[in-house]
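Q:
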Ligand SMILES: C[S@@+](CC[C@H](N)C(=O)[O-])C[C@H]1O[C@@H](n2cnc3c(N)ncnc32)[C@H](O)[C@@H]1O
């Protein structure tokens, strides 16, 4: 724990990923029609996408699950403030140990890791788990990384936490989804501007904290963390890692 604490991940953020308001609205439209639907968001964080989908369709209901108590509490407060609390349940829990619930629509956005297992199997695990939650015609918004191009050895070194085999090209990502019982309804990807906005949020939170707390015993640690993140981003992911939004239908 840093003293004083760093801001929570939802500080100054709409989504916990590279996603603009306009793009989110398009993704929700692509998932539709949502009338009467039960929408389940797994690894929902503070469930901003789920809450926006529910706000746009008064007959839909929602369920979200995430391990992070603070994020879930923030999502619940947003649901209350927007008059959505009677149509959405947000639970704190481990998706890997969760027994599932009826779903017409599933969202798994930036959260393929919630099912556990080796990172190189996360994408396939997520597709298989969600295929098991949906009946024929069920819809799935899957937000997942892919390689924009083959990363160099130096770029892979800069993003040491990401094994090359964890992700694949965009066509191969779509093929993997098709091989697990889905068809593709729509596709888009995060723009560089959306990525930069997302990654800059971390940089800004750390730099603002350092400016406010120059004498904290944790200042060197926070500065080192900010420096590591900048290398990960600018020398690693920025030109190599894409983020796809696959709108899928269960066959
Ligand atoms: C990159 S965030 C994406 C959050 C959200 N889907 C969004 O788009 O804003 C990944 C989320 O997965 C959650 N998570 C990680 N492991 C989990 C698990 N085993 N069960 C449930 N949630 C988990 C984290 O707490 C985090 O909120």
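Numbering (the working numbering), first residue to last: 3 to 253.
Just so you know, even glycine gets a beta-carbon here, dropped at the ideal spot from N, CA and C.
What's the C-alpha gap between residue 208 and residue 225?
A: Cα to Cα, residue 208 sits roughly 7 Å from residue 225.
Q: Rounded to whole angstroms, what's the CA-CA distance from residue 214 to residue 246? Just pull it up for me.
A: So the two alpha carbons sit approximately 36 Å from each other.
Q: When you compare the CB positions of residue 144 and residue 251, do they come within less than 8 Å of one another, or not?
A: Result no, Cβ atoms of residue 144 and residue 251 do not sit closer than 8 Å.
Q: State buried or exposed for residue 84, treating a residue as buried only when at least 16 other CB atoms are found within 10 Å of its CB.
A: Looking at its Cβ environment, which holds fewer than 16 other Cβ atoms inside 10 Å, residue 84 is exposed.
Q: With contact counted as at least three CB pairs below 8 Å, one residue from each stretch, are the segment 96-104 and the segment 114-131 in contact?
A: Yes, they touch.
Q: Are the CB atoms of residue 140 and residue 107 nearer to each other than 8 Å?
A: The answer is yes: Cβ separation under 8 Å.
Q: Pair every Cβ in the segment 65-73 with every Cβ in the segment 35-48, then say whether three or more of these pairs are closer than 8 Å.
A: Output reads yes: the segment 35-48 touches the segment 65-73.
Q: Count the other CB atoms, across all protein chains shown, that sit within 10 Å of the CB of residue 78; report buried if there are 16 or more and exposed otherwise.
A: Result: buried.
Q: Just to confirm, does residue 92 get its C-beta within under 7 Å of one of the non-hydrogen atoms of ligand 1?
A: No.
Q: Within 8 Å, do at least three Cβ pairs link the segment 231-243 to the segment 123-141?
A: Judged by Cβ distances under 8 Å, the segment 123-141 makes no contact with the segment 231-243, as fewer than three pairs qualify.
Q: Below 7 Å, is the gap between the Cβ of residue 73 and the nearest heavy atom of ligand 1?
A: Yes, the Cβ of residue 73 comes within 7 Å of a heavy atom of ligand 1.
Q: Would you mind reading off the limits of the beta strand (DSSP E) that contains residue 91?
A: It spans 90-94 - the beta strand (DSSP E) in which residue 91 sits, taken as one unbroken run.
Q: Which residues in the same chain have their Cβ closer than 6 Å to the Cβ of residue 20, if we skip the five residues on either side of it in sequence?
A: If we look at residue 20 and ignore the five residues flanking it on each side, its Cβ neighbours are 192, 196, 197, 200, 245.
Q: My output table needs one value for residue 111: the three-state DSSP class, helix, strand or coil.
A: In the structure shown, residue 111 sits in a strand (DSSP, three-state: E or B).
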